[in-house]
Amino acid sequence: MLDNKNPIGGITLSHGQCDMNRQRMIQPEGMQFSTVLIISFHPLFITKLDRAFHIRCMYREIVQAVSSGIEVSAIATQAVEYEYPFPNCIYTIRRDEIDGPILKYARVGEQIVHRWECLSDVYGLLVHNCYVEDGQGEKQIIIDENGCHTDRAVLGDPTYVESLNMAYRESLVFKFADRVIVRFQCQIRLCIKDAGGCIGITPPMCSDENEQTNGLFVTTVESIVHHTIKTKNVTDIQSKKRRLMRSPVSERSKHMVDADLISQPVYVLDADDEDGDENSYQLRQGTPEVCVSNTLFSILICIMAIAFLALTASAIWLMHRSSGNTVSEYYKKQYTNHVCALNF
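For the sequence shown, the numbering used here gives the first residue as 7, with consecutive numbering after it.
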């Protein structure tokens, strides 16, 4: 349609469709829906006219406090309340170790470390309800609602540091069949550590009964111990006597907040792809490259060819001039000797 001779249009996106992401936010508090909208002008090809828009819709949670007061014949008191600010929490996938570089490209079977962290000493966190996604709507649960693994061959139980504000877990790279991208999404539960507010919430007590071990899966806890922050393994992954349980304290009313964390997307190549392995290595090393268009490349080749021809012509001219001067000097000397002989 036209509005003041300018074309206008609109699009309606429903929640839960078109691969829309749903993420609970801590700060600002509320629910955020996001997706990528691509406007294409050709049914087959990608052209310079195409546009991509990252759409984010934030539904703020309205907190309304209702209070009332009564007069009593008691000593007047003043209540002092303090609310801890919510921390900034991130979920990253690192290469080789807990403090390794953030992963972008990988190959199936390589060593990685999942790292969940909240930048606060006041709150503790519980990692639960984790899914791996292929970026096209398919997903699979890997950590259940209690914070325990569903398949150790894919991802084991998270290991929590002593301060409870960070958890990590080493694993091997995997991917969906016929897919290149994997991404992880987890829920975290925040609890205030003061006065035992995290007791019975985190770390979780996971049972190892009926656990199936995979001979190809290599546990590398020893390599993680040597990282710089020297974390303490609160959840002993070698204990075979743990049982899934909750302390009665966890049933009490506590100030807890749930939020969603999404990792960075990782591009995964097959393990037997040699060319892909070389390309992945070059991408990880970040080798600087200069890309030029075909037109500019042709111009550079022409300039180099002209310069080469000019240098060649100059060299031939100088050689010819030098040889000409030598011949002239020779004939001049012969002529002088002949004249001298006649005079004599």
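Here a beta-carbon is modelled for each residue, glycine too, at the ideal position from N, C-alpha and C.
Review point. Roughly how many whole angstroms lie between the Cα atoms of E35 and C63?
Key: When rounded, the distance between both Cα atoms is 13 Å.
Exercise for review: Please report how far the alpha carbon of R175 lies from the alpha carbon of E103, in whole angstroms.
Suggested key: Straight-line measurement puts the Cα of E103 at about 10 Å from the Cα of R175.
**Study point:** Segment contact, 8 Å Cβ cut-off, at least three pairs: the stretch 137-146 with the stretch 115-129
**Key:** Contact fails: fewer than three Cβ-Cβ distances are below 8 Å.
Check your understanding: So R100 and P107 are in contact, right, with Cβ under 8 Å, and what is the actual spacing, rounded?
Key -> Confirmed, Cβ separation roughly 7 Å.
Practice item. Would you identify the three-state DSSP class for R327, choosing helix, strand or coil? Key: Looking at R327 - three-state DSSP - the assignment turns out to be helix.
Practice item. Taking only runs that begin and end inside the stretch 53-128, name each unbroken beta strand (DSSP E) of 3 or more residues, in chain order. Key: Restricting attention to beta strand (DSSP E) runs no shorter than 3 residues, the stretch 53-128 encloses them at 57-66, 95-101, 111-113 and 117-124, ordered along the chain.
Review point. Helix, strand or coil: which one does DSSP assign to C192?
Key: Shown here, C192 sits in a strand according to DSSP, grouped into three states.
Exercise for review: May I ask which residues mark the beginning and end of the beta strand (DSSP E) holding G15?
Suggested key: Taken as a continuous stretch (DSSP letters only), G15 belongs to no beta strand (DSSP E), as it is neither H nor E.
Check your understanding: Does the beta-carbon distance from V133 to I148 come in below 8 Å?
Key -> Contact: no.
Check your understanding: Where does the unbroken beta strand (DSSP E) through F39 begin, and where does it stop?
Key -> DSSP places F39 in the uninterrupted beta strand (DSSP E) bounded by G36 to I45.
Check your understanding: Mind checking whether P210 and N152 have CB atoms under 8 Å apart?
Key -> In this structure, N152 lies closer than 8 Å to P210 by Cβ.
Check your understanding: Taking DSSP as the reference, what is the three-state secondary structure of L2?
Key -> No answer is possible for residue 2: the residues shown for the chain start at 7 and end at 350.
Exercise for review: Mind the definition here: the stretch 152-161 touches the stretch 49-59 only if three or more C-beta pairs lie below 8 Å; say whether that holds.
Suggested key: Under the 8 Å Cβ criterion, the stretch 152-161 does not count as touching the stretch 49-59, having fewer than three qualifying pairs.
Check your understanding: Mapping DSSP to helix, strand and coil, what is M310?
Key -> In the structure shown, M310 sits in a helix (DSSP, three-state: H, G or I).
**Study point:** Stretch pair the stretch 27-47 + the stretch 263-270: three plus CB contacts closer than 8 Å
**Key:** The answer is yes - the stretch 263-270 touches the stretch 27-47, with three or more Cβ pairs under 8 Å.
**Study point:** Unbroken beta strand (DSSP E) run spanning N27, endpoints
**Key:** For N27, the uninterrupted beta strand (DSSP E) segment begins and ends at N27 to M31.
Exercise for review: Rounded to whole angstroms, what's the CA-CA distance from A277 to V188? Just pull it up for me.
Suggested key: Our two residues, A277 and V188, have alpha carbons roughly 15 Å apart in a direct line.
Review point. What is the DSSP secondary structure of L170, counted as helix, strand or coil?
Key: Coil at L170, not helix or strand.
Exercise for review: Could you spell out the range, first to last residue, of the beta strand (DSSP E) harbouring A265?
Suggested key: Looking at the DSSP string, the run of the beta strand (DSSP E) that includes A265 is M262 to I268.
Point to revise | Own chain partners of V186 with C-beta closer than 7 Å, once the 5 adjacent residues on each side are dropped | key: Taken in chain order, the residues that qualify are Y273 and V274.
**Study point:** Helix, strand or coil at E228 according to DSSP, with G and I counted as helix
**Key:** Bear in mind that the predicted position of E228 carries a pLDDT of just 39, short of 50, making it unreliable; the figure below should be weighed with that in mind. Three-state result, E228: helix.
Review point. If we ignore side chains and look at the alpha-carbon of each, how far apart do C136 and G75 end up?
Key: Spanning the two alpha carbons is a distance of roughly 45 Å.
Check your understanding: Should Y65 go down as buried or exposed, given a rule of 16 or more other Cβ atoms within 10 Å for buried?
Key -> The residue in question, Y65, is exposed, as its Cβ has fewer than 16 Cβ neighbours within 10 Å.
Check your understanding: In three-state terms, what does DSSP make of T301?
Key -> Three-state DSSP puts T301 in a helix.
**Study point:** Reference S46; option with closest CA among L109, F39, M37 and F59
**Key:** Nearest C-alpha to S46: F59.
Check your understanding: Which residues mark the beginning and the end of the beta strand (DSSP E) in which K145 is found?
Key -> Looking at the DSSP string, the run of the beta strand (DSSP E) that includes K145 is K145 to I149.
Check your understanding: Where does T156 sit, in a helix, a strand or coil, going by DSSP?
Key -> It is coil, neither helix nor strand.
Exercise for review: Note down the Cα distance separating I198 from I32, rounded to an integer number of angstroms.
Suggested key: Roughly 14 Å separates the two Cα atoms.
Review point. V179 lies in the beta strand (DSSP E); which residues open and close that run?
Key: Taken as a continuous stretch (DSSP letters only), V179 belongs to no beta strand (DSSP E), as it is neither H nor E.
Point to revise | Proximity of C95 and E123 at Cβ, strictly below 8 Å | key: Taking 8 Å as the Cβ cut-off, C95 and E123 qualify as a contacting pair.
**Study point:** L125 vs P164 beta-carbon contact at 8 Å
**Key:** Between L125 and P164, the C-beta gap is not smaller than 8 Å, which leaves the two residues out of contact.
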